[in-house]
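Peer 1:
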Ligand code: FPP
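In our numbering, the protein residues as written are 330 to 584.
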């Protein structure tokens, strides 16, 4: 894996290695960013969308195949109705505004989570954009919205239990492989790395199953300030790690 500085735009070229498939991001720190400036929390979310746009552009240019962003968790419903409404409006507005940009850059939008419980105007734009971008061959942008890892696992257990109840499957047939195919995240490769911004080192109910061997990178930077330079820092952290998936250490230099 290598980086080289671009001459013209003073931005970086990242040669994504074949084995790096999926970057996932917990975009934390919007509220604190705004508070530090004496502004209302929603200002942080507003700037968070700007940071997200930059992140999507960078990942797309770097050739990273999958990017998941945790936009709204099943726990985020505990926030004030005003804040929830701001986040929903921002998502709707961003998807509407960047429609062309997604298509122009061959980005395919996907969703992880339950859209049914969202306001129809937000649900509709997500569905519309998934449909409109379904043939795009570039970056797959997965928006985790109304998503929770525990809920995802419970939903899979329910499907499996029904199969057993109907006699279509035996308990003995349950194993990691047969179980995981009922998880909605099985549509994507497991995240190679999860970046969490805002200096918080929690997984917060994100990708509970498929993050089993993900590298975790905690950045002190609050999400609205997370730029391409910070992304490169995170990717450099990844390149310095040795993923062993529980196996014993191999020779020096193995990855
Ligand atoms: C976490 O910061 C941020 C969120 C819960 C919302 C992030 C959502 C967006 C930026 C909109 C994304 C838009 C699309 C189209 C996907 P926080 O409020 O928890 O920050 P704090 O830890 O400082 O309180």
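The beta-carbon is built from N, C-alpha and C at its ideal position, and this holds for glycine as well.
With a cut-off of 8 Å, do at least 3 Cβ pairs link the region 444-452 to the region 374-384?
Peer 2: no
Peer 1: Does the ligand FPP have a heavy atom nearer than 8 Å to the CB of residue 354?
Peer 2: no
Peer 1: Could you name the residues of the same chain whose beta carbon sits closer than 6 Å to that of residue 577, not counting the 5 residues immediately before and after it, in chain order?
Peer 2: none
Peer 1: Just reading off the alpha helix (DSSP H) that residue 397 is part of, what are its end residues?
Peer 2: Element bounds for residue 397: not the alpha helix (DSSP H) but the beta strand (DSSP E), 395-402.
Peer 1: List the endpoints of the continuous beta strand (DSSP E) containing residue 522.
Peer 2: 522-525
Peer 1: How would you call residue 502, buried or exposed, if buried means at least 16 neighbouring beta carbons within 10 angstroms?
Peer 2: In this structure residue 502 is exposed. Its beta-carbon is surrounded by fewer than 16 other beta-carbon atoms within 10 angstroms.
Peer 1: Find the nearest neighbour of residue 633 within the set 561, 432 and 355, judged by alpha-carbon distance.
Peer 2: No statement about residue 633 is possible, as the shown extent of the chain runs from 330 to 584 and does not include it.
Peer 1: Jot down the residue ranges of each uninterrupted beta strand (DSSP E) in the region 397-473, minimum 3 residues, whole runs only, in chain order.
Peer 2: 437-441
Peer 1: On the DSSP bridge assignment, give the partners of residue 559 in chain order.
Peer 2: According to DSSP, residue 559 bridges with nothing at all.
Peer 1: Is residue 475 helix, strand or coil when you go by DSSP?
Peer 2: Residue 475: strand per DSSP, three-state reduction.
Peer 1: Less than 8 Å between the CB atoms is what I'm expecting for residue 543 and residue 559, so what's the real figure, rounded?
Peer 2: Actually they do not touch by this definition, with Cβ atoms about 18 Å apart.
Peer 1: Which residues in the same chain as residue 484 place their Cβ atom closer than 6 Å to its Cβ, once the five residues preceding and following it in sequence are excluded?
Peer 2: Cβ neighbours of residue 484 within its own chain (closer than 6 Å, five residues either side excluded): none.
Peer 1: Starting from residue 371 and walking both ways along the alpha helix (DSSP H), at which residues does that stretch end?
Peer 2: 370-391
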